[in-house]
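Just below is one structure, and these are the notes that go with it.
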């Protein structure tokens, strides 16, 4: 059930506090739509609003989902480089990732994989500007982050599958049965 529904930036940022009726777990969800023409100062204001909401309220179990309109890694643009929009936003966003223990859900299970959520109308530019970030509490429960095409948008849908505690090791293990 939804406990809080708050618009933090009109048309750009919504905050929801939810309670799972089965487990009573509280989840704090932010839905963000980044303006592609923001200056570095405007990106800072937007990121600071999210950061202050998290810190002042000591929020846990955080999910931030949205069309960020920037990327933080060259893996997420088909030209393998950050553009001026990315460079204006990346410093502030990487700070909130560190300070609030947020991780990109796709990169948890796909650290080097290259997939895109958006293709520009010129058909040349592709990027993964649509992302889901989760707090450390969720990071061990991520089973998969998938992208799905839709006729409703020029962006792909993002599906996040969160399970129970998932045990992860440093890599694959193979039993040597030739001993």
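Numbering (my numbering), first residue to last: 1410 to 1588. Built from N, CA and C at the ideal position, the CB exists for glycine as well. Treat the numbers as computed from the prediction; the structure is a model and nothing was measured.
Legend entry - Among 1546, 1567 and 1539, nearest to residue 1435 - alpha-carbon criterion: As a first step, residue 1435 is located in the chain shown; it is residue number 26 there, counting from the start. Of the listed residues, the one whose Cα sits closest to residue 1435 is 1546.
Legend entry - Cα-Cα separation between residue 1449 and residue 1413, rounded to whole angstroms: Position 40 of the chain shown, counting from 1, holds the residue named residue 1449. Position 4 of the chain shown, counting from 1, holds the residue named residue 1413. Their Cα atoms are separated by approximately 30 Å.
Legend entry - Sufficient close CB pairs (3 or more, under 8 Å) joining the stretch 1537–1556 to the stretch 1506–1524: yes
Legend entry - CB contact flag (residue 1525, residue 1476, <8 Å): Along the chain shown, one-based indexing puts residue 1525 at 116. Along the chain shown, one-based indexing puts residue 1476 at 67. It is not a contact, given that the beta carbons lie outside the stated cut-off.
Inset, instruction - Compute the distance between the beta-carbons of residue 1417 and residue 1463, then report whether it is under 8 Å. - result: As a working mapping, residue 1417 is identified with position 8 in the chain shown. As a working mapping, residue 1463 is identified with position 54 in the chain shown. Contact: no.
Inset, instruction - Count the other C-beta atoms from every protein chain shown that fall within 10 angstroms of the C-beta of residue 1431, then say buried if there are 16 or more, exposed otherwise. - result: By 1-based counting over the chain shown, the position of residue 1431 is 22. Exposed is the call here.
Legend entry - Beta bridge counterpart(s) of residue 1462 as assigned by DSSP: Position 53 of the chain shown holds residue 1462. BP columns for residue 1462 are empty, so no partner.
Legend entry - Cβ-Cβ distance between residue 1454 and residue 1479 below 8 Å: Looking up residue 1454 in the chain shown gives position 45. Looking up residue 1479 in the chain shown gives position 70. No. Outside cutoff.
Legend entry - DSSP three-state assignment for residue 1532, whether helix, strand or coil: Locating residue 1532 in the chain shown gives position 123, where the first residue counts as 1. Looking at residue 1532 - three-state DSSP - the assignment turns out to be coil, as it is neither helix nor strand.
Legend entry - Nonlocal neighbours in the same chain, by C-beta distance under 6 Å from residue 1566, ignoring five residues either side: As a working mapping, residue 1566 is identified with position 157 in the chain shown. 1557 and 1559.
Legend entry - alpha helix (DSSP H) segments (min. 4 residues) lying fully within the stretch 1460–1511: 1493–1508
Legend entry - Same chain, Cβ closer than 6 Å to residue 1523, neighbours up to 5 away in sequence not counted: Indexing the chain shown from 1 puts residue 1523 at position 114. So the list reads 1484, once near-sequence residues are dropped.
Inset, instruction - Hey, could you find the ends of the beta strand (DSSP E) residue 1440 is sitting in? - result: Reading the chain shown from its first residue, position 31 is the one you call residue 1440. Taken as a continuous stretch (DSSP letters only), the beta strand (DSSP E) holding residue 1440 covers 1435–1442.
Legend entry - Beta-carbon contacts of residue 1502 that lie in its chain and below 8 Å, excluding the five residues immediately before and after: If you number the chain shown from 1, residue 1502 lands on position 93. Correct list, in chain order: 1452, 1456, 1477, 1479 and 1481.
Legend entry - Where the alpha helix (DSSP H) containing residue 1428 begins and where it ends: Within the chain shown, the letter at position 19 stands for residue 1428. From DSSP, residue 1428 is part of no alpha helix (DSSP H) but of the beta strand (DSSP E) over 1422–1428.
Inset, instruction - Put residue 1598 into one of helix, strand or coil per three-state DSSP. - result: For residue 1598 there is no data in the structure shown, the boundaries of the chain being 1410 and 1588.
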